[in-house]
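Participant: Here the sequence shown stands for residues 1496 to 1765, numbered as in this note's numbering.
Ideal placement from N, C-alpha and C gives every residue a C-beta, glycine not left out.
Owing to the predicted nature of the structure, the values given are computational and were not obtained by experimental measurement.
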Amino acid sequence: MRYRIIASGSTGNSIYIGTDQYHFLVDAGLSGKKVERGLKEIGVNPKELTGILVTHEHDDHIRGIGVLARKYQIPIYANERTFNALPSQVGKIDDSLKRMIETGSVIEFGDFQIESFPISHDAADPVGFLFRNKDLQLSIVTDSGYISEKIKEKIKGSDVFIFEANHDVEMLRMSRYPWSVKQRILGDYGHLSNEASGEALADVITNDTQKVFLAHLSRENNLPEIARLTVQTILKEYGITEKDVQIMDTYHDKPTALEELKEKRVRILF
Ligand SMILES: [Zn+2]
Ligand SMILES: [Zn+2]
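The following block contains the structure:
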C-alpha cells in the first residue's frame, strides 16, 4: 500500500492511498490543479482514480471534488447527508458518479477494505476512514473535536495513523480569533488540540504502529515543531519513543514524500 498526503491543514486537505490496481483520494479540498500535480508527481494519472472519498462537506475538504469528478469521471463516495450538504460551489456532480456509502459500512475493492466511522465535528455526518489492505491498516482521523472510546477501538493498532493535531491551546487562546470561533475550535465538535492528539494516540498506538502523521495543523494557532514536541512528550510519558514510532509532519502547501507500507509477512522475511 502506498500513500501520500498531498496537502493537510485548515487551508486544504487531500490524501492519496493506492496500490498497483486501485487509487483513492480521501478528500480533495484543493484546486483540481494542485491535486493533479500531487498525483502526477508520483506517476498516478487522475483518470485512474478509483474514487474520491469525502469525510465531510467543509470547503477545505471538497473544493476540488466537482472539478475532478467532471473532468475525469471519477466516482465520489460519501454518505447521504454529506452529499446533501455539499455547497453549491462544488457544481453539479452527475448522479452516475455519486456513490452513497452508509457511515459505519465497509466497501471492498479487491483486497482493499475501506470502512467509515463517525467523528465529532460540526458538519452534517462527518467521518474518518480506515483502509485495510492484506495485513495492513491505515487510519485517517482529522476534524474531530473529541476522540471517543469507540473511535479508539476502531483504529487501535493501525500501522499508520494520519491524525489531527490542530492547535496549541495557548496559541489559540491568545490568538486574534473572535471568542465564538475559539469556542468552536476548542469544543467537542471542533478540532483536536496537540495535547488531546497525544493523549488519544497513546491509547491507540501498538507494536504494529510504524508512523504517525500529524495532520490538519492550524496555520495561525500551531507550529509543526510545537505539535511534534507536544505529542512526543506525551507519548514518552506512556513509554512510546521515537524508536518505536516515527512522528511525521504534513504540510499545508506541499505534499509529503510517497510512502510505501510493506506487508508484515514480507517485512519479517527480509
Ligand atoms: Zn478541515
Ligand atoms: Zn471541517
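Which runs of the alpha helix (DSSP H) fall wholly inside the segment 1601 to 1650 and span at least 4 residues, in chain order?
Facilitator: 1644 to 1650
Participant: Verify whether the separation of the beta carbon atoms of glutamate 1552 and alanine 1619 is less than 8 Å.
Facilitator: By 1-based counting over the sequence shown, the position of residue 1552 is 57. By 1-based counting over the sequence shown, the position of residue 1619 is 124. Yes. Within cutoff.
Participant: Please say whether threonine 1704 and phenylalanine 1658 have beta carbons closer to each other than 8 Å?
Facilitator: One-based indexing of the sequence shown puts residue 1658 at position 163. One-based indexing of the sequence shown puts residue 1704 at position 209. The answer is no: Cβ separation not under 8 Å.
Participant: Hey, how far is the Cα of glutamine 1584 from the Cα of isoleucine 1557?
Facilitator: For this step, residue 1584 is matched to residue 89 along the sequence shown. For this step, residue 1557 is matched to residue 62 along the sequence shown. Taking the straight line joining both Cα atoms gives about 9 Å.
Participant: Could you tell me the distance, in whole angstroms, from the CA atom of glutamine 1727 to the CA atom of glycine 1640?
Facilitator: For the purposes of this step, residue 1727 is taken as residue 232 along the sequence shown, with counting starting at 1. For the purposes of this step, residue 1640 is taken as residue 145 along the sequence shown, with counting starting at 1. Spanning the two alpha carbons is a distance of roughly 20 Å.
Participant: Please state if the CB of aspartate 1654 and the CB of asparagine 1689 are separated by a distance shorter than 8 Å.
Facilitator: In the sequence shown, residue 1689 corresponds to position 194, counting from 1. In the sequence shown, residue 1654 corresponds to position 159, counting from 1. For asparagine 1689 and aspartate 1654, no; Cβs fall outside 8 Å.
Participant: Have a look at Thr1701, Ile1537 and Lys1529 and flag the residue whose alpha-carbon is nearest the alpha-carbon of histidine 1518.
Facilitator: Numbered from 1 along the sequence shown, position 23 holds the residue referred to as residue 1518. Histidine 1518 has its Cα closest to that of Ile1537, out of Thr1701, Ile1537 and Lys1529.
Participant: What does the alpha-carbon distance come out to for the pair alanine 1564 and valine 1622?
Facilitator: Counting from 1 along the sequence shown, the entry for residue 1564 is found at position 69. Counting from 1 along the sequence shown, the entry for residue 1622 is found at position 127. Approximately 20 Å between the Cα atoms of the pair.
Participant: Check the C-beta distance from glutamate 1754 over to tyrosine 1498 and give it rounded, since I have them as a contact under 8 Å.
Facilitator: Locating residue 1754 in the sequence shown gives position 259, where the first residue counts as 1. Locating residue 1498 in the sequence shown gives position 3, where the first residue counts as 1. Confirmed, about 5 Å.
Participant: Roughly how many whole angstroms lie between the Cα atoms of tyrosine 1699 and leucine 1631?
Facilitator: As a position in the sequence shown, residue 1699 is number 204, starting the count at 1. As a position in the sequence shown, residue 1631 is number 136, starting the count at 1. Here the sequence assigns valine to residue 1699, which means tyrosine is not the residue at that position. So the two alpha carbons sit approximately 15 Å from each other.
Participant: So the beta strand (DSSP E) lysine 1749 belongs to, where does it begin and stop?
Facilitator: Start at 1 with the first residue of the sequence shown, and residue 1749 comes out as number 254. No beta strand (DSSP E) contains lysine 1749, which DSSP labels as neither H nor E.
Participant: State the DSSP-derived secondary structure class of glutamine 1451, mapped to helix, strand or coil.
Facilitator: No information on residue 1451 is available, as it lies outside the stretch 1496 to 1765 that the chain covers here.
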